[in-house]
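Heads up: the sequence shown is residues 68 to 193, going by the working numbering.
For reference, the structure is listed below as structure tokens.
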Amino acid sequence: MITLHRKTNGGAPVRIVIDGSTINAYREEPAQIVQHEFHDGKETISVEPTLSKYFTEEPVMRIHRYSSGDFNVDFDAGFQRGTITVGQQSLTTHCHWPNYGAGYLKWIGLSYADPEVRKFLRGEDQ
């Protein structure tokens with residue numbers, strides 16, 4: 068298992084854990100789900116602890132390598148999740164879903180140039 072620290076393509080810091088056939092990307096900073104309560108004409112704003120803990124501990128992206136050479140990408144997009152099975156090209160160079168753009172690895176600050184990524188793609192243990 069190897070741990071890396073990167074920034075997403077949006078600039079948010081993430082912790083990357085590469086373990087066998089899986090890459091997980093986690094938020095470096097705690098998620099804060101804000102809760103608004105209205106009572107007697109007053110608004111109370113607080114951080115909802117259970118959801119905040121869940122979104123902090125849940126990976127923002129998980130990439131699983133299948134023995135067939137395909138990859139399942141499961142990612143967080145705000146309060147929605149997406150999952151897609153792709154080949155190496157969509158992972159490293161460009162993707163078509165949910166929008167056309169950089170490969171999924173770039174979303175979490177990784178690149179084909181990273182030696183850890185090349186080992187992962189080849190199926191070598193970290």
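Idealized CB from N, CA, C, for every residue including glycine.
This one's a predicted model, so the numbers in the text were calculated from it and none came from an experiment.
Asked                                                                                                                                              : Found
Is it right to say P126 is buried, meaning 16 or more other beta carbons lie within 10 angstroms of its own, or is it exposed?                     : buried
Secondary structure at Q156, three-state DSSP: helix, strand or coil?                                                                              : helix
Within its chain, find whatever has a CB closer than 7 Å to the CB of T75; leave out the 5 residues flanking it on each side and keep chain order. : V81, W174, I175, G176
In terms of residues, what are the limits of the beta strand (DSSP E) holding L177?                                                                : Careful: L177 lies outside any beta strand (DSSP E) and carries neither H nor E.
What's the gap between the Cα of I69 and the Cα of A79?                                                                                            : 20 Å
If the criterion is Cβ atoms closer than 9 Å, does the pair A98 and F122 meet it?                                                                  : yes
Please return the same chain residues whose Cβ sits closer than 6 Å to the Cβ of V84, not counting the five positions on each side in sequence.    : T70, N91
First and last residue of the beta strand (DSSP E) that includes E191?                                                                             : From DSSP, E191 is part of no beta strand (DSSP E); its letter is neither H nor E.
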